[in-house]
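Undergrad:
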Amino acid sequence: MIDPDWRAPGGPSETLPDLFGRSSLREKREPIRFLDPSGRAVAEPPLRDEEILELHRLMLLCRTFDRWIQRVHPLGAFSRYAPFEGQEASMVGSAKALRDVDWIVPTYREYAVFLA
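When we follow my numbering, the leftmost residue of the sequence shown carries the number 745, and every step to the right adds one.
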């Protein structure tokens with residue numbers, strides 16, 4: 745049974761460190777921004793140009809794959825398919841952040857993780 749006071753001050757959500765080493769999961773964090781609302785650079789990205797281009801290439805590969813599957817799906821080659829267009833960045837980014845010891849279990853609209 746779940747402890748009904750698990751959200752109480754000093755409870756697990758405030759005392760257990762999260763993956764980023766903060767002592768509180770409720771700690772307010774400012775978003776990381778590299779562009780301002782008008783598209784001007786406000787900071788240097790943490791990746792080299794070659795890495796950014798590789799991520800973009802992978803996102804294009806994923807979108808091309810997704811659109812191809814959507815075209816052949818009605819032909820009966822696949823029983824079911826859930827398109828993921830528009831979600832390429834989240835899948836490619838998370839896949840590229842994996843370490844050798846990490847596991848992934850993609851489901852539903854996460855086929856792009858395997859391509860990245």
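We put the CB at the ideal spot given by N, CA and C, even for glycine.
1) Would DSSP call Leu-842 helix, strand or coil?
2) Which full runs of the beta strand (DSSP E) of 3+ residues lie inside the stretch 783-837, going along the chain?
3) May I ask you to list the residues that DSSP assigns as paired with Leu-779?
4) In the structure shown, what three-state DSSP assignment does Val-849 receive?
5) I'd like the span of the alpha helix (DSSP H) that includes Ala-856, first residue to last.
TA: In short, the structure shows the following:
1) coil
2) none
3) Ala-785
4) coil
5) 856-859
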